[in-house]
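Peer 1:
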Amino acid sequence: MQVKICGITTIEDATAAVAAGADALGLVFYPASPRYIDMDRAAAIAAAVPPFVTLTGLFVNAAVEDVRAVLGKVPLNLLQFHGDEDAGYCEQFLRPYIKALRMKDGLDVLAAMHEHPRARGFLLDAYRPGVPGGTGETFDWQRVPQHSGRPVVLAGGLSPDNVARAIEAARPQAVDVSGGVEAVPGRKDPEKVRAFIEAAKGR
Numbered sequence: 009m010q011v012k013i014c015g016i017t018t019i020e021d022a023t024a025a026v027a028a029g030a031d032a033l034g035l036v037f038y039p040a041s042p043r044y045i046d047m048d049r050a051a052a053i054a055a056a057v058p059p060f061v062t063l064t065g066l067f068v069n070a071a072v073e074d075v076r077a078v079l080g081k082v083p084l085n086l087l088q089f090h091g092d093e094d095a096g097y098c099e100q101f102l103r104p105y106i107k108a109l110r111m112k113d114g115l116d117v118l119a120a121m122h123e124h125p126r127a128r129g130f131l132l133d134a135y136r137p138g139v140p141g142g143t144g145e146t147f148d149w150q151r152v153p154q155h156s157g158r159p160v161v162l163a164g165g166l167s168p169d170n171v172a173r174a175i176e177a178a179r180p181q182a183v184d185v186s187g188g189v190e191a192v193p194g195r196k197d198p199e200k201v202r203a204f205i206e207a208a209k210g211r
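Residues in the sequence shown are numbered consecutively from 9, following our numbering.
(1) Assign Ala71 to one of three DSSP states: helix, strand, or coil.
(2) Which residue's Cα is closest to the Cα of Met47: Gln88, Gly114, Asp74?
(3) Under 8 angstroms: do the stretch 19-34 and the stretch 49-60 share three or more Cβ pairs, one atom per stretch?
(4) For Phe67, count neighbouring Cβ atoms within 10 angstroms of its own Cβ and tell me buried if that reaches 16, exposed if not.
(5) Given Val36, which residues of its chain have a CB within under 6 angstroms of its CB, disregarding the five upstream and five downstream residues?
(6) Which full runs of the alpha helix (DSSP H) of 4+ residues lie inside the stretch 54-100, going along the chain?
(7) Under a three-way DSSP split, which group does Gln10 fall into?
(8) For Ala120, collect the residues of the same chain with a Cβ closer than 7 angstroms to its Cβ; drop the 5 residues on either side in sequence, then sort them by chain order.
(9) Classify Arg202: buried if its beta carbon has 16 or more other beta carbons within 10 angstroms, exposed otherwise.
(10) Look up Val192 in the DSSP assignment and give the residues it is bridged to.
(11) Helix, strand or coil for Arg110, going by three-state DSSP, please let me know.
(12) Taking the beta strand (DSSP E) that Leu35 belongs to, which residues open and close that run?
(13) Report the option in Ala54, Asn69, Thr64 whose CA atom is closest to the CA atom of Ala40.
(14) Return the residue from the list Tyr105, Arg103, Val160 that minimises the CA-CA distance to Leu118.
(15) With DSSP as the reference, identify every bridge partner of Leu131, one or two as the case may be.
(16) Alpha carbons only, please: which of Gly194, Tyr135, Ile106, His122 is nearest the one belonging to Ala182?
(17) Pick helix, strand or coil for Ala182, following the three-state DSSP scheme.
(18) Give me the Cβ distance between Ala164 and Glu145, rounded to the nearest whole Å; I'm assuming they're in contact under 8 angstroms.
(19) If Glu209 and Gly29 are in contact, beta carbons under 8 angstroms, what's the gap, nearest whole angstrom?
(20) How about Ala191: is its C-beta nearer than 8 angstroms to some C-beta of chain D?
(21) Measure the C-alpha to C-alpha separation of Thr64 and Val57 and round it to an integer number of angstroms.
Dropping the structure here:
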């Protein structure tokens, strides 16, 4: 099981997450988020991340020039699009990407996946109107398709207490957590991060 710790805002939180066994780190480039960081701080964090840890940049309906500016300064390995971006938008940056799908009632998950044939995977997150992620809420894990043939990252309200149950129910390829391992919004609790990764990986 792969684990992504999202909403990293400091070098200390990044290095602690990696030391605990995180496979990927998420940097949020969405100004409305309490976990938003600017390019200078993101570049400093990126410089401290060792090889083979996937550094992911999260964007929400960002202007093309804003994404390109980040890519010019921060060596991201993966892009994560959390808004209404279509495949053409996502593919133009010529970087691997994952598409977030907010699990609104009635969403046809397989149809939504079909609209992004070149996505490396799909992050399934809880739906709350007007909030593109980080809700701290879960959704019905039974809605995760089991035979899509596409990698699934499970997100939404995960914590050290429920991640093992979530994995058992949803059978994702990876899990993503932000608020569930925080001390305060934007700062991680190292013990919660460690406990989450241990629970997810079955250690």
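Even glycine gets a Cβ: it sits at the ideal position worked out from N, Cα and C.
Here the structure is a predicted model, which means the values were calculated and not measured.
Peer 2: Let me spell this out:
(1) coil
(2) Asp74
(3) The stretch 19-34 is in contact with the stretch 49-60.
(4) buried
(5) Gly15, Arg43, Tyr44, Leu66
(6) 72-81, 95-99
(7) strand
(8) Closer than 7 angstroms at Cβ, skipping near neighbours: Leu109.
(9) buried
(10) Arg195
(11) strand
(12) 32-36
(13) Asn69
(14) Val160
(15) Ala108, Val161
(16) Ile106
(17) strand
(18) Looking at the sequence provided, one finds Gly at residue 164 rather than Ala. About 6 angstroms; that satisfies the 8 angstroms criterion.
(19) Rather than Glu, the amino acid found at residue 209 in this sequence is Lys. Going by Cβ atoms, the distance from Lys209 to Gly29 rounds to 7 angstroms, so yes, they are a contact pair.
(20) Given the protein chain composition of this structure (a single chain), no chain D is represented.
(21) 11 angstroms
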